[in-house]
Amino acid sequence: MIDKATADQLNKRASLLAIAVSGFLCILKIFAALYTGSLSVLSSMVDSLSDIIGSIVTFFAIKISSLPASENHRYGYGKIEALSALFQSAFIAASACFIIFGGIKRFKDTTSIEQTSMGLVIMMISLIATFAIIYYQKRVYRKTQSQAILADSAHYVVDIATNISIITTLLVVKYFKIFWFDSLVAILISSYLLYTAYKLAADAIRMILDVELSKEIRSQVETSITKLPFVGDIHDLRTRNIGGVYNFEFHLELDGALSLNQAHAYAHQVEDDLKKLYPRSQVIIHQEPAGIKDDRLDEKIKNKH
Ligand SMILES: [Zn+2]
Ligand SMILES: [Zn+2]
């Protein structure tokens, strides 16, 4: 494995390269869309544009979300990432709807598509550039194992498919003069964009509404705590993800005869163990003498089922 500083630099270089190439493609596609009048080329331009906006928004969101807690925001700024995802999602959804309505309108009054050769050349350049980004990101991922790069790369694999479908469309239009085929492909691509916007928004809303972490993480937390010899049990475990920082809150059952000093030392050991498991996590522990009856969240949830 390479060290963290080198990995960060490689990841940063890969993201910057992707932004630069997307920007270049976006400008080319604006010209291609204007000259050809093709809606499917326009939808591909919107896709490139949302890639750039997405990368820029994510860049600033990560900067803000990693700011330390302040006087008025003592939980930090992690949720800004969910807000930025919502913003991105709104942009993608609005542009996708714009193209879908345009496509439906064109089914009725067919506009001819011109300059298909130029459109084809630009889409070919786009296809090759997209392959190059994927190849470079794969190489960086092999060295850094960055999940963000992997997710970004998965997106460009989809772009390969849209590029190929647009090239096919332009060929169909050029040689068979089937103009409605362009509207059809534009609507299909935009529907896919709409779907990605929905998934982005759903994830963001889940984070804002404090959705629980996966069952695997919950049980990993539970076993790492209960395996300690001085821990009776835990209950009312609540977990959430605030911008990549896992938060764990729970009631820790200890021997009621312990001194406060000893109980505090034990609670700290539990916290340290969890932080070894999840280095960037926040842990809030409510210490409790084992065996008392309290009003438990676990019970309330169980009784609902
Ligand atoms: Zn309790
Ligand atoms: Zn303490």
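Residues -14 to 290, numbered by this note's numbering, are exactly what the sequence shown covers, in order.
Think of the CB as a built atom: it goes at the ideal place given N, C-alpha and C, for glycine as much as any other residue.
Am I right that residue i and residue j are in contact with their C-beta atoms under 8 Å? What's the rounded C-beta distance?
i, j, result
"serine 74", "serine 40", "The pair is not a contact, with the Cβ atoms about 15 Å apart (cut-off 8 Å)."
"valine 206", "leucine 259", "7 Å"
"isoleucine 84", "serine 175", "4 Å"
Per DSSP, what are the beta-bridge partners of residue i in this structure?
i, result
"proline 341", "Because the chain spans -14 through 290 in this model, residue 341 falls outside it and cannot be assessed."
"arginine 225", "Asn232"
"valine 268", "Phe233"
"aspartate 218", "Glu238"
I'd like to know whether the C-beta atoms of residue i and residue j end up nearer to each other than 8 Å.
i, j, result
"isoleucine 269", "glutamate 238", "no"
"lysine 128", "leucine 2", "no"
"alanine 114", "leucine 34", "no"
"isoleucine 210", "threonine 224", "no"
"glutamine 272", "valine 230", "no"
"isoleucine 286", "leucine 178", "no"
"glycine 8", "isoleucine 38", "no"
"alanine 182", "alanine 248", "no"
"alanine 17", "isoleucine 145", "no"
"methionine 109", "tyrosine 20", "no"
"aspartate 240", "alanine 275", "yes"
"tyrosine 126", "leucine 135", "yes"
"valine 158", "threonine 101", "yes"
"threonine 154", "phenylalanine 166", "yes"
"serine 138", "lysine 162", "no"
"leucine 13", "serine 111", "yes"
Could you name the residues of the same chain whose beta carbon sits closer than 6 Å to that of residue i, not counting the 5 residues immediately before and after it, in chain order?
i, result
"aspartate 283", "His220 and Asp221"
"glutamate 66", "Ala46, Ser50 and Gly228"
"threonine 232", "Position check: residue 232 holds asparagine in this sequence, whereas threonine was assumed. Closer than 6 Å at Cβ, skipping near neighbours: Arg225 and Gln267."
"valine 42", "Ser69 and Gln73"
"alanine -8", "Thr129"
"glycine 63", "Ser50, Ile227, Gly228 and Val230"
"alanine 79", "none"
"arginine 265", "Val230"
"leucine 213", "none"
Near residue i, which residues of its chain fall below 7 Å by C-beta distance, leaving aside the five closest residues on each side in sequence?
i, result
"aspartate 188", "Ala70"
"arginine 91", "Leu24 and Ser168"
"tyrosine 60", "Ala54 and Ile227"
"arginine 281", "His220 and Asp221"
Give me, in chain order, the residues of the same chain whose beta-carbon lies closer than 8 Å to that of residue i; leave out the 5 immediate sequence neighbours on both sides.
i, result
"aspartate 15", "Inspection of the sequence shows that residue 15 is occupied by isoleucine rather than by aspartate. Hits under 8 Å: Met30."
"leucine 262", "Gln205, Val206 and Ser209"
"valine 143", "Tyr177"
"aspartate 279", "His236 and Glu273"
"glutamate 197", "Arg203, Arg223, Thr224 and Arg225"
"aspartate 291", "One cannot answer for residue 291 here, as it falls past the ends of the chain, which runs -14 to 290."
Should the region 150 to 158 be regarded as contacting the region 43 to 53, the criterion being three or more beta carbon pairs within less than 8 Å? no
Do the region 166 to 175 and the region 15 to 28 meet, that is, are 3 or more Cβ pairs less than 8 Å apart? yes
Just checking, does the region 242 to 261 make contact with the region 62 to 81 on the three C-beta pairs under 8 Å criterion? no
Are three or more beta carbon pairs between the region 116 to 123 and the region 192 to 207 nearer than 8 Å? no
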